[in-house]
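Since the structure comes first, as structure tokens, the remarks are kept for the end.
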Amino acid sequence: MTQASPTSTMLLTPTSIPSTCEHIERQLDCQETPVMEPEDDPYYGHAATAVLCSRFIRSEFKCPNVPLDVQAARPAPTLAQFIAFALYRTCYPPSMAFAAVSLLERLKERVRPARGSSGHRLFITALMLISKFEYDDTFSNRSWAIVAQDLFAVKEIGAMEREMLGFLDWQLRVH
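Counting from 1, one number per residue, gives the positions in the sequence shown under full-length UniProt numbering.
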């Protein structure tokens, strides 16, 4: 079991510098259409999954519902809305969100006591890792910054990925 100080990590105590992406990469263009238009459904048809995952993350890591560490031009989404948008934008099924939460559960077991100042940061990193583990052809870190609604810079996405991989000892298999 790896012991680490949660206060010294980007994942658990971030220093966010927002970035902007000038265009949406073609690989993020999903062929499917959303269940409902975003104006009609802030959860893009993923409310149940997003709320369940959000409750788990907020409970286990004592995260706020809205990240306090970002300085975005617009208000940051709630954690449930952030999760729903990530599923919508990537066209991933709910099982991918649950696999990401499974990685976070393992992270919590390895890094005690782990508190997170940003559930958004934890979730997007876990979703990115499980995606790269499950799929041969996945998104670039620039695309993940877009999926994360530009709350995190591309370099930050890479640092979060490496850090979580270290905490998990590169063990990404979900049973």
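C-beta atoms are modelled at their ideal positions from N, C-alpha and C, and glycine is treated no differently.
Being a predicted model, the structure only gives us computed values, none of them experimental.
Inter-residue spacing [alpha-carbon to alpha-carbon] between residue i and residue j
i	j	result
L87	P93	7 angstroms
E60	L129	19 angstroms
C63	T90	24 angstroms
D40	A48	16 angstroms
F167	Q149	25 angstroms
A153	R162	14 angstroms
A80	D136	27 angstroms
G158	R55	26 angstroms
R142	P113	31 angstroms
Simplified DSSP assignment, three categories, for residue i
i	result
K155	helix
T78	coil
V51	helix
G45	coil
Beta-carbon proximity list for residue i, same chain, < 6 angstroms, skipping 5 on both sides
i	result
I124	A148
T138	S131, K132
M36	Model confidence at M36 stands at a pLDDT of 46, short of 50, so the residue's coordinates are unreliable and nothing is read from them.
Residue range of the unbroken alpha helix (DSSP H) whose run includes residue i
i	result
W144	141-147
H120	119-134
Cβ-based neighbour list, residue i, same chain, cut-off 7 angstroms, excluding 5 preceding and 5 following
i	result
A84	Y43, Y44, H46, A47, A50
Nearest-angstrom Cβ-Cβ length linking residue i and residue j, presumed shorter than 8 angstroms
i	j	result
V101	C53	5 angstroms
A76	L151	6 angstroms
Test: residue i CB closer than 8 angstroms to a CB of chain C
i	result
N141	Absent from the structure is chain C; it holds one protein chain and no more.
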